[in-house]
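Reading the sequence shown from the start, the letters are residues 79 to 335 in the numbering used here.
Below: the structure, in structure tokens.
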Amino acid sequence: MNKNTYKFIFLCTFFLFSCQNKNTSQKNNFKEITPGVVISFDDASINEWCQADKILRQYSWKATFCVSKINTLNHSEIKELKQLQKDGHEIAGHGFHHFDAPKFVAKNGIDAYIKQEINPMLTLMHFYNFKVTAFVYPFGFRNANIDNALLKKFEIIRGTTYGAEDPFFQNCYFNNSTLVYGIGIDTDHPNFSIPYLLKLLDYAKRKHKILILFGHKPVKKITANYQTTMETLKLICNYVKQHNMTFYKLSELNNLK
Numbered sequence: 079m080n081k082n083t084y085k086f087i088f089l090c091t092f093f094l095f096s097c098q099n100k101n102t103s104q105k106n107n108f109k110e111i112t113p114g115v116v117i118s119f120d121d122a123s124i125n126e127w128c129q130a131d132k133i134l135r136q137y138s139w140k141a142t143f144c145v146s147k148i149n150t151l152n153h154s155e156i157k158e159l160k161q162l163q164k165d166g167h168e169i170a171g172h173g174f175h176h177f178d179a180p181k182f183v184a185k186n187g188i189d190a191y192i193k194q195e196i197n198p199m200l201t202l203m204h205f206y207n208f209k210v211t212a213f214v215y216p217f218g219f220r221n222a223n224i225d226n227a228l229l230k231k232f233e234i235i236r237g238t239t240y241g242a243e244d245p246f247f248q249n250c251y252f253n254n255s256t257l258v259y260g261i262g263i264d265t266d267h268p269n270f271s272i273p274y275l276l277k278l279l280d281y282a283k284r285k286h287k288i289l290i291l292f293g294h295k296p297v298k299k300i301t302a303n304y305q306t307t308m309e310t311l312k313l314i315c316n317y318v319k320q321h322n323m324t325f326y327k328l329s330e331l332n333n334l335k
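Written out as structure tokens, the structure is:
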């Protein structure tokens with residue numbers, strides 16, 4: 079066997095073991111995400127949020143409360159929001175005026191949107207000592223141009239998704255991105271049903287996914303649109319606890335990337 083043949087065998091062996099070591103290292107460093115749920119609420123139903131917290135704290139739940147029009151809240155409501163944050167929940171931004179972002183930007187430009195919808199919201203929320211690192215689009219309406227502008231202000235942003243397709247094709251799971259999508263649990267949300275919700279939860283459990291949900295006003299009995307029943311919330315919390323899943327806050331997803 080000549081010298082060139084020995085060199086060829088040596089190089090092949092070296093690259094073979096290098097690839098094996100690299101693959102083994104990557105496999106050992108891979109951290110599987112604990113399956114769980116992000117429960118978020120939009121707008122400003124502060125009193126109902128606090129009532130829900132009193133009922134659901136038995137599950138050691140955590141939620142993200144996405145506040146809009148914070149300048150309209152009274153002292154008592156601000157105090158309740160502060161208590162929610164103190165108890166481990168998250169307070170996120172949902173707009174100073176609750177503008178339809180793409181519609182406003184198309185008419186007035188992105189700079190005007192930031193100056194009128196985002197900056198005054200952050201200024202007032204920081205004044206009240208709310209640690210705001212996440213933003214949720216009003217109505218879920220967004221586009222890439224606005225995303226890029228907001229990601230200079232926030233660590234993570236959330237839109238919305240719809241439909242009742244197989245969970246494999248749904249966008250309502252954490253996707254290792256700073257842009258995520260939630261699916262509604264209000265009773266009037268398109269395609270909402272308890273069987274489908276259970277299907278989404280089961281997929282999250284089996285595939286080690288994080289399901290992202292949003293509602294508005296938690297109530298015992300439905301009287302209008304944009305309401306989530308307490309029974310739905312209890313079902314979600316029960317499922318999470320019974321299957322050893324985790325309650326995530328919206329901002330915590332950014333740490334999992």
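By construction, the Cβ of each residue, glycine as well, lies at the ideal position given by its N, Cα and C atoms.
Here the structure is a predicted model, which means the values were calculated and not measured.
Next on the checklist: Beta-carbon within less than 7 Å of residue 320's beta-carbon, same chain only, minus the 5 sequence neighbours each way: which residues are those?
Outcome noted: Working through the sequence shown from its first residue, we reach residue 320 at position 242. Nothing meets the Cβ criterion.
Checklist entry - Which stretch, first to last residue, makes up the alpha helix (DSSP H) that contains residue 334? => result For the purposes of this step, residue 334 is taken as residue 256 along the sequence shown, with counting starting at 1. Neither: residue 334 is in no alpha helix (DSSP H) and is coded neither H nor E.
Checklist entry - Helix, strand or coil for residue 69 per DSSP? => result The chain is shown from 79 up to 335; residue 69 falls before or after that span and cannot be answered.
Item to check | Spatial neighbours of residue 284 in its chain, beta-carbon cut-off 6 Å, leaving aside the 5 residues before and after | outcome: Position 206 of the sequence shown, counting from 1, holds the residue named residue 284. Same-chain partners within the cutoff: there are none.
Next on the checklist: Using only the alpha-carbon positions, how far apart do residue 256 and residue 289 sit?
Outcome noted: Numbered from its first residue, the sequence shown carries residue 256 at position 178. Numbered from its first residue, the sequence shown carries residue 289 at position 211. About 15 Å.
Checklist entry - DSSP state of residue 295, grouped into three classes? => result Along the sequence shown, read from residue 1 onward, the residue named residue 295 stands at position 217. Reduced to three states, the DSSP call for residue 295 is strand.
Item to check | Close beta carbons around residue 106, own chain, < 8 Å, minus the five adjacent residues each side | outcome: Within the sequence shown, numbered from 1, the residue matching residue 106 stands at position 28. For residue 106, the predicted model reports a pLDDT of 37, less than 50, meaning its position is unreliable; a value from the coordinates is still stated below. So the list is empty, once near-sequence residues are dropped.
Item to check | Pick from 147, 243, 323, 223 that is closest to residue 188, judged by C-alpha positions | outcome: By one-based count along the sequence shown, residue 188 stands at place 110. Minimum Cα distance to residue 188 is reached at 223.
Checklist entry - Quick one, which of 270, 233, 287 has its alpha-carbon nearest residue 333's? => result On the sequence shown, position 255 is the one that residue 333 refers to. When only C-alpha atoms are compared, the closest one is 233.
Checklist entry - Which runs of the alpha helix (DSSP H) fall wholly inside the region 222-277 and span at least 4 residues, in chain order? => result 222-228
Checklist entry - If you scan the region 111-136 from start to end, which runs of the alpha helix (DSSP H) of 4 or more residues do you find wholly inside it? => result 124-134
Item to check | Helix, strand or coil at residue 336 according to DSSP, with G and I counted as helix | outcome: The first residue shown for the chain is 79 and the last is 335, placing residue 336 beyond what the model contains.
Item to check | The beta strand (DSSP E) enclosing residue 314, as first and last residue numbers | outcome: Within the sequence shown, the letter at position 236 stands for residue 314. Premise fails: residue 314 lies in the alpha helix (DSSP H), 308-320, not in any beta strand (DSSP E).
Next on the checklist: Restricting to Cα atoms, I'd like to know which of 129, 161, 120 is closest to residue 172.
Outcome noted: What you label residue 172 is simply residue 94 of the sequence shown in a count that begins at 1. Taking only the C-alpha atoms, the option nearest residue 172 is 120.
Next on the checklist: Counting beta carbon pairs with one atom in the region 209-218 and one in the region 232-246, are three or more of them shorter than 8 Å?
Outcome noted: yes
Item to check | Collapsed DSSP secondary structure at residue 171 in the structure displayed | outcome: Your numbering for residue 171 matches position 93 in the sequence shown. Strand, per DSSP.
Checklist entry - Would the region 297-307 and the region 257-272 be scored as touching if the rule is three or more Cβ pairs under 8 Å? => result yes
Checklist entry - From 293, 311, 315, pick the residue whose C-alpha is nearest to that of residue 118; which is it? => result Stepping through the sequence shown from its first residue, residue 118 is reached at position 40. Out of 293, 311, 315, 293 has the C-alpha closest to the C-alpha of residue 118.
Next on the checklist: Let me see if you follow: with CB-CB separation under 9 Å, is residue 273 close to chain D or not?
Outcome noted: You won't find chain D in this structure, because it holds only one protein chain.
Next on the checklist: Between which residues of its own chain and residue 104 is the CB-CB distance below 8 Å, once the five residues before and five after are set aside?
Outcome noted: In the sequence shown, residue 104 corresponds to position 26, counting from 1. Residue confidence is low: residue 104 scores 35 on pLDDT, short of 50, so the model does not pin down where it sits. Its coordinate-derived value is still stated next. So no residue of the chain qualifies.
Checklist entry - Would you report the Cα separation of residue 248 and residue 239, rounded to the nearest angstrom? => result For the purposes of this step, residue 248 is identified with residue 170 of the sequence shown, where counting begins at 1. For the purposes of this step, residue 239 is identified with residue 161 of the sequence shown, where counting begins at 1. Taking the straight line joining both Cα atoms gives about 8 Å.
Checklist entry - Taking just the CA atoms, how far does residue 219 sit from residue 180? => result Here residue 180 refers to the residue found at position 102 when the sequence shown is read from its first residue. Here residue 219 refers to the residue found at position 141 when the sequence shown is read from its first residue. So the two alpha carbons sit approximately 7 Å from each other.
Item to check | Identity of the residue in 311, 251, 273, 202 nearest residue 111 by Cα | outcome: Position 33 of the sequence shown, counted from the first residue, corresponds to residue 111. Comparing Cα-Cα distances from residue 111 to each of 311, 251, 273, 202, the minimum goes to 251.
Item to check | Rounded straight-line distance, which links the Cα of residue 267 to that of residue 273 | outcome: Position 195 of the sequence shown, counted from the first residue, corresponds to residue 273. Position 189 of the sequence shown, counted from the first residue, corresponds to residue 267. For residue 273 and residue 267, the distance between alpha carbons rounds to 14 Å.
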